[in-house]
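Basically the working numbering = 1-based index in the sequence shown + 9. Glycine residues also receive a C-beta, built at the ideal position from the N, C-alpha and C atoms. One structure is given here, and the rest of the page talks about it.
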Amino acid sequence: MRIVKRRLAVVAAITALLLLAAAGTSALLASRSASRVLLTVFVGAAKIAHGSAAAVAARSGDMLGDGDSITTDADGKASLTYPDGSVTRLDSSTSVVVHVTQSGASLRTQLDQKAGLTWNSVKHLLGGSTFQVSGPNSSTAEVRGTQFGFYVEHDAGGTPVIWIDVYDGTVGVKGAVGAEVLATAGQRVTVRTQAAPTQPVPIPDGDLGLSFTVFNQTIEAVVGTPATFESGTLGAGSDTTFAIDADGTRDLQIVLGWPALAGSTFALTVVAPDGTVFSQTRQPLPPIIVIARKAAAGTWTVHVRDVTSSQSEPWWVIVGRS
Numbered sequence: 010m011r012i013v014k015r016r017l018a019v020v021a022a023i024t025a026l027l028l029l030a031a032a033g034t035s036a037l038l039a040s041r042s043a044s045r046v047l048l049t050v051f052v053g054a055a056k057i058a059h060g061s062a063a064a065v066a067a068r069s070g071d072m073l074g075d076g077d078s079i080t081t082d083a084d085g086k087a088s089l090t091y092p093d094g095s096v097t098r099l100d101s102s103t104s105v106v107v108h109v110t111q112s113g114a115s116l117r118t119q120l121d122q123k124a125g126l127t128w129n130s131v132k133h134l135l136g137g138s139t140f141q142v143s144g145p146n147s148s149t150a151e152v153r154g155t156q157f158g159f160y161v162e163h164d165a166g167g168t169p170v171i172w173i174d175v176y177d178g179t180v181g182v183k184g185a186v187g188a189e190v191l192a193t194a195g196q197r198v199t200v201r202t203q204a205a206p207t208q209p210v211p212i213p214d215g216d217l218g219l220s221f222t223v224f225n226q227t228i229e230a231v232v233g234t235p236a237t238f239e240s241g242t243l244g245a246g247s248d249t250t251f252a253i254d255a256d257g258t259r260d261l262q263i264v265l266g267w268p269a270l271a272g273s274t275f276a277l278t279v280v281a282p283d284g285t286v287f288s289q290t291r292q293p294l295p296p297i298i299v300i301a302r303k304a305a306a307g308t309w310t311v312h313v314r315d316v317t318s319s320q321s322e323p324w325w326v327i328v329g330r331s
């Protein structure tokens, strides 16, 4: 009888150990999966490299882990979505290496940006979570919940020059020397090689008018899944027309964006497949949003017009489907 009890006790102990091991393995796998980063390729093409492996063609839905890299082609735009919901969007010809580690609820995200332009929309960070973007000249930008652009440019001699434009919140900027500089919404800080960050200045109109800036401000207003992308440049009094298709079962959300520069007004006209004008809107400030519930099947016509502006301006129409 005692032998049976001992055997039962041993079996129970082994079972408990196996359950603990399984729980530990599940927790480890959950932690690993939680630290994965989701890639979305919006337009054009991109390449992804896992660690030191050779780069391969990237597709929406690919997952990146710690030490993986992504590079967009000359016509590409893509995004990285982190476990906490923060997002980095990459402009064309942009290259970054992702470093993501997680300990409990704390997520440490570092982006090593080799070239190009990124737009970073960072959720409010909890606990010991951090989000940092580093450039090739010892520049870093660290945040606590904000939207900012990180641009790797080069001067006439080919030396990297970093621009950090803050659109919301506060960003702490460091260089190779000097103290950290804090920039708030509407401000830019520049970092040059072996130099301290400059004091913040207003974001130049040139940056506000970048096609990539307009792209990000427009896509931020899209609620459904971004599925159609149209863009171009218009001057005062000029217009353009293009078509989009609807399947009759999903909603269409048509969002028009352009630089929010003083004196500019755009108009958006949407025509249904039967030829009737579904919506006609004119505004001095972006975005213009038109929603067609269960949009009728067929070809919809979208007409964009620069009513008035002081200079030619980029525009984006992004269509979300839901």
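The shortest C-alpha to C-alpha distance from Q156 to any of A67, D177, F51 and G85 is the one to D177. Residue state for I171 is assigned as strand, using DSSP reduced to three classes. The three-state reading of DSSP puts V231 in coil, since its state is none of H, G, I, E or B. By the Cβ rule, the region 238 to 251 does not count as touching the region 200 to 207, because fewer than three pairs are nearer than 8 Å. Around the CB of E322, 16 or more other CB atoms lie within 10 Å, so the residue is classed as buried. Within the same chain, Cβ atoms closer than 6 Å to the Cβ of S319 are found at G272, the five residues on either side in sequence being excluded. With 16 or more neighbouring CB atoms inside 10 Å of its own CB, R314 falls in the buried class. Taking a C-beta distance under 8 Å as the contact criterion, V311 and Q262 do not qualify as a contact pair. In summary, R291 is exposed, with fewer than 16 beta-carbon neighbours lying within 10 Å of its beta-carbon over all protein chains present. If you draw a 10 Å sphere on the C-beta of V210, you find fewer than 16 other C-beta atoms in it, and that means exposed. In this structure, the alpha-carbon of A64 lies about 9 Å from that of T80. Each of G154, L126, V180 and G136 was checked against the Cα of P169, and the nearest Cα belongs to L126. Restricting attention to S112, G76, A58 and T317, the CA atom closest to the CA of R68 is found in A58. A check of alpha carbon separations from A124 across S148, G136, L116 and H133 identifies S148 as the nearest. In the DSSP assignment, D71 falls outside any alpha helix (DSSP H), carrying neither H nor E.
Taking the CA atoms as reference points, G70 sits about 18 Å from S104. The shortest C-alpha to C-alpha distance from A66 to any of G76, D82 and V190 is the one to D82. Secondary structure at N225: helix, using DSSP grouped into helix, strand and coil. Using a 10 angstroms sphere on the CB of Q208, the tally of other CB atoms stays under 16, which defines it as exposed. Around the C-beta of R302, fewer than 16 other C-beta atoms lie within 10 Å, and the residue is accordingly described as exposed. The DSSP-derived three-state label of S148 is coil. For D315, there is no enclosing alpha helix (DSSP H); the enclosing beta strand (DSSP E) covers residues G307 to T317. For the options T317, H108 and V299, the alpha carbon positioned closest to that of W309 is the one of V299.
By the C-beta criterion, the region 181 to 190 is judged not to be in contact with the region 217 to 233, since fewer than 3 inter-stretch pairs fall below 8 Å.
The beta-carbon separation of T49 and T90, rounded to 7 Å, stays under the 8 Å limit for a contact.
Secondary structure note for L191: its beta strand (DSSP E) is the uninterrupted segment V190 to T193. The beta carbon of T193 sits closer than 7 Å to the beta carbons of V175 and T179 from its chain, once the five residues preceding and following it are set aside; these are given in chain order. W267 is a Cβ neighbour of P295, given a cutoff of 8 Å.
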